[in-house]
């Protein structure tokens, strides 16, 4: 038996714009971090986690997910700064 859930509130145009900007920033940061890892031949989940300073499973999820998650931008910016990449 399913219960009817109330519809999700719609995002304002400013919120939608911010999400799009965040998504682009995430893509750019993931690409830069990915290139950094590839250049150093860091390919295993354990090595990626170690390089990013987080558990392997979390690092893999952060680097491969396609959906926007709150907190991704600051996490990716912190990783990029830690690796010496331009933020």
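Numbering (the numbering used here), first residue to last: 14 to 100.
All C-beta atoms in this analysis are idealised placements derived from N, C-alpha and C, irrespective of residue type, glycine included.
I'd like to check one pair, residue 35 with residue 100: are the Cβ atoms closer than 8 Å?
Sequence index remark: in the chain shown, residue 100 carries index 87 (1-based). Sequence index remark: in the chain shown, residue 35 carries index 22 (1-based). No, these two residues do not count as a Cβ contact at 8 Å.
Is the stretch 39–46 in contact with the stretch 88–97, if contact means three or more CB pairs nearer than 8 Å?
These segments touch.
Span separating the alpha-carbon of residue 97 from that of residue 50:
Position 84 of the chain shown, counted from the start, is the residue given in the question as residue 97. Position 37 of the chain shown, counted from the start, is the residue given in the question as residue 50. Cα atoms of residue 97 and residue 50: separation of roughly 12 Å, rounded to the nearest angstrom.
Taking the alpha helix (DSSP H) that residue 86 falls in, what are its first and last residues?
The residue labelled residue 86 in the question sits at position 73 within the chain shown. First-last of the alpha helix (DSSP H) with residue 86: 85–96.
Count the other CB atoms within 10 Å of the CB of residue 62; is the residue buried (16 or more) or exposed (fewer)?
Residue numbering aside, residue 62 sits at position 49 when the chain shown is read from its first letter. Buried is the call here.
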